[in-house]
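When the letters of the sequence shown are read in order and numbered with the UniProt record's numbering, they come out as residues 1 to 267. Right, one structure below, let's go through it.
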Amino acid sequence: MTTQSDIHRAGLSNEKVARESPNHSPPTGEGAADHGTEQKNEDTTRATPSEVSFPEGGLRAWLVVLGSSILLGCSFGWLSSFGTFQSYYETHQLLDESPSTISWIGSTQTFTQYFVGLISGNLFDLYGARVLIIPGMMVYIFSILMTSLCHEYYQFLLAQGLLCGLAVGFIFTPATSVVGHYFRSRRGLAMGFITAGSSLGGILLPIALKNGLYSHTLRFTWTIRTVGFVLLILMAIACALVKERLPSRPRHLFVFEAFRIPAIPSS
C-alpha cells in the first residue's frame with residue numbers, strides 16, 4: 001500500500017534525476033533571466049584582450065591614423081617651435097628677461113603636457129577620444145590667441161606655458177591611444193605614421209612662425225593669430241576623423257596601484 005510519504009520521496013527522486021539529466025531544459029521566467037545574467041557575466045570574465053579582433057587596416061582605420069597625425073603635428077609642432085619664440089622674445093617683448101627665465105615658458109609647456117597624461121589616459125578609457133580632444137582643441141586655440149595679446153612675462157607663462165601645455169595634454173593621449181583600437185600586429189606601423197606627422201609639424205611650424213615674426217607685415221600679433229586660425233581648421237578636420245572603436249572600460253580616475261609596480265621586476 002502506497003503511503004503519502006512514499007509519494008513525496010518519489011517526487012524528490014524524480015526532481016533530482018531531472019536536474020542531473022543532460023537533456024534537462026533551462027529554467028524559464030525569473031530563473032531564466034538569472035541564468036542568462038550569470039552566464040553573461042561568466043563569459044565577460046573569461047574574455048581576454050587577445051580575443052578582441054582588430055581591423056589592422058581599412059579606410060576607417062587609416063583615417064583615424066591621418067587624424068591623429070594632424071593632431072600631433074598641430075600640437076607638438078607648436079611646442080617644438082619654442083626655440084623660435086625664445087629667440088624672438090629675447091630681442092622683443094621679454095628683452096629685459098634672461099634666457100634662462102624665458103626658457104621656463106617652454107619648460108612649463110612640456111611638464112604640464114605630460115603631467116596631464118596622468119588623468120587624460122583614464123578619461124579616454126572612460127569617455128572616449130572626442131570628449132577630450134574637442135575641449136582640448138578649444139583651450140589650445142584660446143591659449144594661442146591669448147599669447148598674441150601678451151606683453152608681460154607672467155602673461156606668456158600663463159597663456160603659452162601653462163594653458164597651452166594643459167590643452168596639449170588632453171589632445172596627445174587620446175590621439176595616440178585611439179590607434180590601438182584599430183591595430184595590434186601593425187600598431188608599430190600606425191604609430192610610425194603618427195610620429196611622422198608630429199615631426200612634420202615640428203619642421204613646418206617653426207619655419208612659418210619665423211617668417212611671420214620677422215616680416216614687415218604680420219609681425220608678432222597677426223603671425224600668432226594666423227597660425228592659430230590655420231591650426232583650428234586642421235584640428236577640426238582631424239577631430240572629425242578620430243573616433244574610438246572599442247567600448248569604454250569602467251575604471252577609477254586615478255590608478256594608485258600603478259605606483260606599486262616596480263619598473264624593473266626583481267629576479
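All C-beta atoms, glycine included, are put in the ideal place defined by N, C-alpha and C. Values in this document were obtained by computation on a predicted structure and should not be read as measured data.
query	result
Do T112 and V168 have their CB atoms nearer than 9 Å?	yes
Between S53, F170, I194, F85, which has its C-alpha nearest G73's C-alpha?	I194
Flag this pair as touching only if the region 146–154 and the region 51–66 have three or more C-beta atom pairs under 8 Å; answer yes or no.	no
Buried or exposed, going by whether 16 or more other CB atoms sit within 10 Å of the CB of Y140?	buried
Roughly how many whole angstroms lie between the Cα atoms of residue 276 and F229?	Summary: the structure shown does not reach residue 276, with the chain confined to residues 1 through 267, and so no result is reported for it.
Tell me the DSSP secondary structure of A129 in three-state form.	coil
Alpha carbon to alpha carbon, what distance is there between Q93 and L213?	12 Å
Measuring CB to CB, does residue 268 end up less than 9 Å from L71?	Only positions 1 to 267 of the chain appear in the structure, and residue 268 is not among them; the question remains open.
Here's the rule: buried if 16 or more other CB atoms are within 10 angstroms of the residue's CB, otherwise exposed. What is L132?	buried
How many Å lie between W78 and Q86 at the Cα?	13 Å
Between the Cα of I102 and those of L231, T221, S215, F82, spot the shortest distance and give me the residue it belongs to.	F82
Starting from the Cα of M235, find the closest Cα among I134, L158, S215, E244 and give me that residue.	I134
Using only CA atoms, which one of R245, A238, I261, F156 lies nearest to S68?	A238
List in chain order: all unbroken alpha helix (DSSP H) runs of 4+ residues lying wholly within the region 143–176.	153–156
Would the beta-carbon of T108 fall within 9 Å of that of L162?	yes
Give me, in chain order, the residues of the same chain whose beta-carbon lies closer than 7 Å to that of I224; leave out the 5 immediate sequence neighbours on both sides.	I144, T147, S148
Taking the alpha-carbon of F156 as reference, which of V65, A61, E97, A240 has the nearest alpha-carbon?	E97
Nearest to K243 by alpha carbon, out of G117, G57, Y114, H181?	H181
Could you tell me the boundaries of the alpha helix (DSSP H) in which Q86 lies?	82–91
How about S80 and L241: do their beta carbons lie closer than 9 Å?	no
With H, G and I counted as helix, E and B as strand and the rest as coil, what does DSSP make of Y114?	helix
Whole angstroms is fine: what's the gap from W222's alpha carbon to P174's?	30 Å
Can you name, in chain order, every residue of its own chain whose Cβ lies under 7 Å from the Cβ of G197, other than the five neighbours on each side?	S69, I70, L72, G73
Using a 10 Å radius around the Cβ and a threshold of 16 neighbouring Cβ atoms, would you call F115 buried or exposed?	exposed
Residue range of the alpha helix (DSSP H) that S198 falls in?	187–213
Measure the C-alpha to C-alpha separation of I261 and N211 and round it to an integer number of angstroms.	48 Å
Just mark A120 as buried or exposed, buried being the case when its beta carbon has 16 or more other beta carbons within 10 Å.	Ala is not the amino acid found at residue 120; the sequence shown has Ser there. It is buried - the Cβ of S120 has at least 16 other Cβ atoms within 10 Å.
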